[in-house]
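Protein chains in written order, with this note's numbering: chain H, 1 to 320; chain A, 1001 to 1317; chain C, 2001 to 2390.
Since the structure comes first, as structure tokens, the remarks are kept for the end.
Rendered as structure tokens:
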């Protein structure tokens, strides 16, 4: 067990190293320069450009830049080129904004998908299954922003509630605490539902197919032959086996934190990490882009590691 | 029991009738694909009904027709009065539960006993089926046991509530020969001590000779011959049974080519008209392809479904 | 016994009725037909394909039937099914059918014509992107699955590193140094090929023995590569690359293809790992068939099922991704029309001209839905464990 963990961690660190190199190369090899050093940019005089270059070591060869950047990253000193703030502070702030969206979305997705998927599997071919299947396909296929606009128009016209942004502008201190709270909830509601619908569609299909595969196994037949009532057969024997792969998937939702959704955040003007990364890409704000990349890689690898561990714990057939 | 898939209707079991009396071992013999497993599964109502449907008949158990009782009562009978042992011990045990859980569950559903007593029951059952050091084995998972041990565990699960009838569906086919002999020995001794009835399904005539009191020979969904063991082995009256016996290797056939029944088992959806065996039968005459043969009584409960070979006895009906 | 054998020979005249023979394709089609949703998906896909091809012919060339690029500013934002104001138009500006089937956009262009053109572009983007990713995926997955246990030796790695640095140095204007490396490396490769045929382990001195050690297996290498690619959140990667590269339709297709091969690789590798142990591979090997022929001719047809499924769903995803990129402003540049373009242009006029959003949105929805249905139907048919029981 310990050796497995050790080996796994070492492999992941090596992967992280390569990821950092690859992302660095992608940024620097791509054509175009950050606006601050773009010779075409009329806002900056050549002296300013030169000072900028010196400050951020842009005139040095690539591998030197690489070392400087990662040294800064690990000591927490990276500065965003766009607005001179510390990158880590920026990321942290936006992360806190994205977090409620992510948490609510994930909770909705996971709590709804399982009952829907399991019920679809048990009542296979009947009306519930067919309608759930059709709805899932519909939700997977709809372009995200189109659906968002449709929902916005619908909700705003019917319920007259605010949906854009994180809270109503200028709500300030005049309002009472419950009012503030409800305001936040309303703003949170639509984006997280939007994010969750796609997830529910995919996950419930997957749950359904896993349940179906398990239900066809011999040990389910044995369980029925023992005289178990159908609820026990489905929810005790079948479910326990069907859930195994999902426990591992649980670890992989960690990277979703960064993925966020650029589109949803753009539509709702939600100041989250997705938008920050998007704006950084537009402005060629290298430190921010690289840091976000690095953090996301760390999350992905951590997520994989956690799901491997969880798999070890949950499946008695695997004991190292 | 018919299976409907799309536009085909596979008549897996097409009118059979057999009985198992108290304390006797009945063997249901036949090639793969002749409908033995389907018959056994339909007794317990384990065939899923969208593709399968019961076209008619009765299943009488201790006076009750099992086809007419509702699902709840059926659940009380399964595992409790009628238990089943399956063919593949590896896949028939749930891989994520311990042995104790699975055997204990079999008891817990039907009887109401406390946890300590339950554990003692499990240990006793494991001892009865001959698993060494049962107390350690309780906490094991199925993948940690060998094939023979897993099958013993299956038998223990089946015995848990002291059933009146055990249906064993080729329990030793997936095991090697030495283990097979042990399991058969085990079944015989259990049957004696607990005075149960056993319905044993197999394709191996050697097994039949070993443990059966009475034998039913099945072919393509119908019973072709029935009788006690001596009658079947020494006085077979149906060409199929004769063919099966002739294909057994024995010392008298040393050095000669082994006989095998020509042709193959018919597809259950496309059965031949008349006697289903007639395309492969050495004694077939034209009427065999047109008329469905009736059972011919040879006396002393020995019946065979072949009027062609019929000589003497009480007549065919 | 003799009587039986004789009797058998004389009387065997009866034929057993056999089940009707069906080829695998016919069996597959019969099963597929039963899934009505999947048939609907296939039908819509064929319809879409025909529209796209028709659209290509009707909207390209110097004097097309439906001109997507004709700007008529006086006719902007007209709702669908409305006749144009005839006196304000020149003769060649009058739309083909006499009225605007789907209205006009903010530049007065005929939306119907743009949709037709966009169909072809979306189709191309989807197919090319998926084609690239499937090709890469099959190759990587096949090599990882089949050659998995082959190891790469230390000297191979060194040589590759030297080769790459030689190339880098040459492009970085250190010509002499780079050229030296570039000459040394092929010489070494040549030398190792020569000595391979006469493998004499014992004559290698112990200091050089280190170079022959196995460093990493092919399987690990490829899987680590997949892991590295997976570390980048895919949409971000696409966004980054597309934002940084000059905008063009080819760049988008290539980038989407280059970032989605990981799933296919995993599927193919898993299938190969299980297929490799099967007897037919051993049988073919003993006949002396070469490695690559085994992979492509014998094993690949068996492994292709999950690839097909993920390819059809991948086309749907590619179309959606392209629409998403257009929405953010990074899609295919004008004057090409894609459905994503039309949709994102329309988002500014959502209350004044809702048809600009709804028409492409619903169209994308229907087409992507049909691909997904078709792909899922394929998956149900190709996976016997999940078949619908009637």
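From the three backbone atoms N, C-alpha and C, an ideal C-beta is built for every residue, glycine too.
Given the structure is predicted, the values throughout are model-derived calculations rather than measurements.
With distances taken between CB atoms, is the gap from residue i to residue j smaller than 8 Å?
i: residue 2265 of chain C; j: residue 2137 of chain C; result: yes
i: residue 2081 of chain C; j: residue 2101 of chain C; result: yes
i: residue 143 of chain H; j: residue 2323 of chain C; result: yes
i: residue 2327 of chain C; j: residue 2340 of chain C; result: yes
i: residue 2370 of chain C; j: residue 2048 of chain C; result: yes
i: residue 1266 of chain A; j: residue 1220 of chain A; result: yes
i: residue 2219 of chain C; j: residue 2278 of chain C; result: no
i: residue 226 of chain H; j: residue 1043 of chain A; result: no
i: residue 24 of chain H; j: residue 66 of chain H; result: yes
i: residue 2189 of chain C; j: residue 2159 of chain C; result: yes
i: residue 1030 of chain A; j: residue 1218 of chain A; result: yes
i: residue 112 of chain H; j: residue 301 of chain H; result: no
i: residue 1288 of chain A; j: residue 1238 of chain A; result: no
i: residue 1026 of chain A; j: residue 1162 of chain A; result: no
i: residue 121 of chain H; j: residue 215 of chain H; result: yes
i: residue 1090 of chain A; j: residue 1150 of chain A; result: yes
i: residue 297 of chain H; j: residue 19 of chain H; result: yes
i: residue 2145 of chain C; j: residue 2293 of chain C; result: no
Mind pulling the chain H residues with CB within less than 8 Å of residue i?
i: residue 1141 of chain A; result: 316 and 317
i: residue 1086 of chain A; result: 218, 221, 222 and 225
i: residue 2228 of chain C; result: 15, 18, 19 and 22
i: residue 2365 of chain C; result: 138, 141, 142, 143 and 146
i: residue 1075 of chain A; result: 227, 228 and 229
i: residue 1080 of chain A; result: 227
Report the CB separation of residue i from residue j in whole angstroms; it is logged as a contact under 8 Å.
i: residue 1201 of chain A; j: residue 1098 of chain A; result: That belief does not hold up - the Cβ atoms of residue 1201 of chain A and residue 1098 of chain A are roughly 29 Å apart, past 8 Å.
i: residue 218 of chain H; j: residue 1086 of chain A; result: 7 Å
i: residue 1107 of chain A; j: residue 1121 of chain A; result: 6 Å
i: residue 2376 of chain C; j: residue 2038 of chain C; result: 7 Å
i: residue 1046 of chain A; j: residue 1100 of chain A; result: Incorrect: roughly 25 Å between the Cβ atoms, too far for contact.
i: residue 983 of chain A; j: residue 1226 of chain A; result: Chain A is shown only over 1001 to 1317; residue 983 of chain A falls outside these bounds and no answer can be derived.
i: residue 2238 of chain C; j: residue 2182 of chain C; result: With 8 Å as the limit, residue 2238 of chain C and residue 2182 of chain C do not qualify as a contact, their Cβ atoms being about 34 Å apart.
Taking the C-alpha atoms as reference points, what is the distance between residue i and residue j?
i: residue 2131 of chain C; j: residue 137 of chain H; result: 23 Å
i: residue 2395 of chain C; j: residue 95 of chain H; result: Only positions 2001 to 2390 of chain C appear in the structure, and residue 2395 of chain C is not among them; the question remains open.
i: residue 1022 of chain A; j: residue 1067 of chain A; result: 21 Å
i: residue 2143 of chain C; j: residue 2303 of chain C; result: 13 Å
i: residue 116 of chain H; j: residue 2309 of chain C; result: 24 Å
i: residue 1215 of chain A; j: residue 1244 of chain A; result: 14 Å
i: residue 1144 of chain A; j: residue 1103 of chain A; result: 16 Å
i: residue 2043 of chain C; j: residue 2367 of chain C; result: 10 Å
i: residue 1019 of chain A; j: residue 222 of chain H; result: 24 Å
i: residue 2 of chain H; j: residue 12 of chain H; result: 15 Å
i: residue 273 of chain H; j: residue 1041 of chain A; result: 58 Å
i: residue 2161 of chain C; j: residue 2296 of chain C; result: 30 Å
i: residue 1254 of chain A; j: residue 1229 of chain A; result: 25 Å
i: residue 187 of chain H; j: residue 2032 of chain C; result: 45 Å
i: residue 2140 of chain C; j: residue 2272 of chain C; result: 11 Å
i: residue 1034 of chain A; j: residue 1277 of chain A; result: 11 Å
So residue i contacts chain C; which residues on that side make the cut at Cβ distance below 9 Å?
i: residue 97 of chain H; result: Result: empty, since nearest Cβ-Cβ is about 18 Å, beyond 9 Å.
i: residue 144 of chain H; result: 2320, 2323, 2324 and 2327
Which chain H residues are close to residue i, counting only those with a beta carbon under 9 Å from its beta carbon?
i: residue 2369 of chain C; result: 137, 138, 140, 141 and 142
i: residue 1243 of chain A; result: None at all; the shortest Cβ gap to chain H is about 32 Å.
i: residue 1095 of chain A; result: 219, 241, 315, 316 and 317
Taking its Cβ as the centre, do 16 or more other Cβ atoms sit within 10 Å of residue i, making it buried, or is it exposed?
i: residue 1222 of chain A; result: buried
i: residue 92 of chain H; result: exposed
i: residue 2388 of chain C; result: The pLDDT assigned to residue 2388 of chain C is 43, lower than 50, so where the model puts this residue is not dependable, and the model offers no usable value.
i: residue 1060 of chain A; result: exposed
i: residue 1116 of chain A; result: exposed
i: residue 2009 of chain C; result: The predicted position of residue 2009 of chain C is uncertain, since its pLDDT is 40 and thus under 50; no value can be drawn from it.
i: residue 1190 of chain A; result: buried
i: residue 1178 of chain A; result: exposed
Give me the chain A residues within the contact set of residue i, using Cβ-Cβ distance strictly less than 8 Å, ordered along the chain.
i: residue 234 of chain H; result: None at all; the shortest Cβ gap to chain A is about 13 Å.
Along chain C, which residues have their Cβ under 8 Å away from the Cβ of residue i?
i: residue 278 of chain H; result: 2239 and 2328
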